[in-house]
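Going letter by letter, the sequence shown gives residues 553 to 630 in my numbering.
We treat Cβ as the ideally placed atom computed from N, Cα and C, and that holds for glycine.
Everything numeric in this text was worked out from a predicted model, so none of it was measured.
The structure appears below as structure tokens.
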Amino acid sequence: LCDTPARLHWSPSTGCEDKATAASRAIALLGPVRPTAKVDQAMADVAETLLRSYLHAAAVEGKAFRHVHRWAQGTQVQ
């Protein structure tokens, strides 16, 4: 009935070499969990900035998102 693979793999950083794409992707990924309370807006903005930056860095370097996340945390990356 379906000729697609059993598991679909998608890299959220694909296409994020373009900063506008990275920004819109971060907004879309965080949209469902974005808080409505004003007090939480600053934290949501920081999360969006971090995600946008991680997506862009992963795309520019051609690395997996987890690689960039580990690097940002100062964790040894293999």
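- Task: Could you round the C-beta distance between A589 and Y606 to whole angstroms and report it? I think they count as a contact, below 8 Å.
- Result: Here residue 589 is taken as the residue at index 37 of the sequence shown, counted from 1. Here residue 606 is taken as the residue at index 54 of the sequence shown, counted from 1. The Cβ separation is near 25 Å, so there is no contact.
- Roughly how many whole angstroms lie between the Cα atoms of V591 and A599? As a working note, residue 591 is residue 39 in the sequence shown. As a working note, residue 599 is residue 47 in the sequence shown. A straight line joining the alpha-carbon of V591 with that of A599 spans about 14 Å.
- How about A616 and A609: do their beta carbons lie closer than 8 Å? To locate residue 616, count along the sequence shown from 1; it is residue 64. To locate residue 609, count along the sequence shown from 1; it is residue 57. The criterion of a C-beta distance shorter than 8 Å is not satisfied by A616 and A609.
- Chain-order list of residues whose beta-carbon lies under 6 Å from that of R604 (same chain, five-residue window excluded): Here residue 604 is taken as the residue at index 52 of the sequence shown, counted from 1. Hits under 6 Å: A574, A575 and A578.
- Query: Taking Cβ positions, are V620 and E569 nearer each other than 8 Å?
  - Reply: One-based indexing of the sequence shown puts residue 620 at position 68. One-based indexing of the sequence shown puts residue 569 at position 17. Pairing V620 with E569 gives a Cβ-Cβ distance that is not under 8 Å.
- Item | Span separating the alpha-carbon of Q593 from that of P587 | Here residue 593 corresponds to residue number 41 of the sequence shown, with the count starting at 1. Here residue 587 corresponds to residue number 35 of the sequence shown, with the count starting at 1. Whole-angstrom Cα-Cα distance: 7 Å.
- First and last residue of the alpha helix (DSSP H) that includes A580? As a position in the sequence shown, residue 580 is number 28, starting the count at 1. For A580, the enclosing alpha helix (DSSP H) starts and ends at K571 to L582.
- Task: Check W562 in the structure and name its three-state DSSP category.
- Result: Counting from 1 along the sequence shown, the entry for residue 562 is found at position 10. In the three-state DSSP reduction, W562 falls in the coil class, being neither helix nor strand.
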